[in-house]
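**Student:** The structure that follows is given in the form of structure tokens.
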Amino acid sequence: ISIYGMAPDRAVGAIDHSEVWLQRFGRDAWAFGDGELAQLNTALARGTCAVVSDDLAQVIEQARALRVASGGDFDPAVGALVALWGFDRAPRDPARPFPEAPAIAALLPLPSMDAVHVSADGTVCGPRGLFIDLGGI
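3 is the number of the first residue of the sequence shown in the numbering used here; add one for each residue after it.
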């Protein structure tokens, strides 16, 4: 992070604040850890809604908009396939076999981001089985 046109002591504080925010949001927006998006995905898997932070709600709304803008070619509701292929870990274990066609077919068709609803209070709802992965944003 570089900041220009600000007093050095203020710039250092702004950089520190930004780094803390980026680390927290990186954890909370990762679909496969223990952060906020992973907790939302757990709730959606149970068929329940969950309240998320304003930051995550905004990114989910942006993900919905990107799906619409791409005509459905980009859809972050692919988390189940990402996990099936082993890309939920970094780096992917090269010894892990790729999934067989029947395992892939069992997940299809996936629910899409079109089925996600974010209310004004940050409550996110979607169909059972929806698994959001924001890694492509």
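The beta carbon of each residue, even a glycine, is placed where N, CA and C say it ideally should be.
Please report how far the alpha carbon of Val80 lies from the alpha carbon of Ala52, in whole angstroms.
**Tutor:** On the sequence shown, residue 80 is found 78 positions in, with the first residue counted as 1. On the sequence shown, residue 52 is found 50 positions in, with the first residue counted as 1. Those two C-alpha atoms are separated by around 19 angstroms.
**Student:** Measuring CB atoms only, is the segment 29-38 touching the segment 72-91, in the sense that at least three cross pairs come out at less than 8 angstroms?
**Tutor:** Yes, the segment 29-38 is in contact with the segment 72-91.
**Student:** Looking at the unbroken alpha helix (DSSP H) that takes in Val14, where does it start and where does it end?
**Tutor:** Here residue 14 is taken as the residue at index 12 of the sequence shown, counted from 1. Note, Val14: alpha helix (DSSP H), 10-30.
**Student:** Under 8 angstroms: do the segment 68-87 and the segment 10-30 share three or more Cβ pairs, one atom per stretch?
**Tutor:** Because the criterion of three Cβ pairs below 8 angstroms is not met, the segment 68-87 and the segment 10-30 do not touch.
**Student:** Please name the residue in Asp75, Ile139, Pro129 whose C-alpha comes closest to that of Thr44.
**Tutor:** Against the sequence shown, residue 44 aligns to sequence position 42. If we check each option's Cα against that of Thr44, Pro129 comes out closest.
**Student:** Would you kindly check if the distance between the Cβ of Ile139 and the Cβ of Val61 is under 8 angstroms?
**Tutor:** For the purposes of this step, residue 61 is taken as residue 59 along the sequence shown, with counting starting at 1. For the purposes of this step, residue 139 is taken as residue 137 along the sequence shown, with counting starting at 1. Yes, these two residues count as a Cβ contact at 8 angstroms.
**Student:** Buried or exposed: which applies to Met8, given that a residue is buried once 16 or more other Cβ atoms fall within 10 Å of its Cβ?
**Tutor:** Here residue 8 refers to the residue found at position 6 when the sequence shown is read from its first residue. With fewer than 16 Cβ atoms within 10 Å of its Cβ, Met8 is classed as exposed.
**Student:** Here's the rule I'm using: 16 or more other beta-carbon atoms within 10 Å means buried, otherwise exposed. How should Glu21 be labelled?
**Tutor:** Translated into positions along the sequence shown, residue 21 becomes position 19. Glu21 comes out exposed.
**Student:** In terms of residue numbering, what span does the beta strand (DSSP E) encompassing Thr125 cover?
**Tutor:** Counting from one through the sequence shown, the residue named residue 125 turns up at place 123. That run of the beta strand (DSSP E) goes 125-127.
**Student:** Less than 8 angstroms between the CB atoms is what I'm expecting for Ala65 and Leu110, so what's the real figure, rounded?
**Tutor:** The sequence position of residue 65 within the sequence shown is 63, counting from 1. The sequence position of residue 110 within the sequence shown is 108, counting from 1. At roughly 20 angstroms, the Cβ-Cβ gap does not stay under 8 angstroms, so Ala65 and Leu110 are not in contact.
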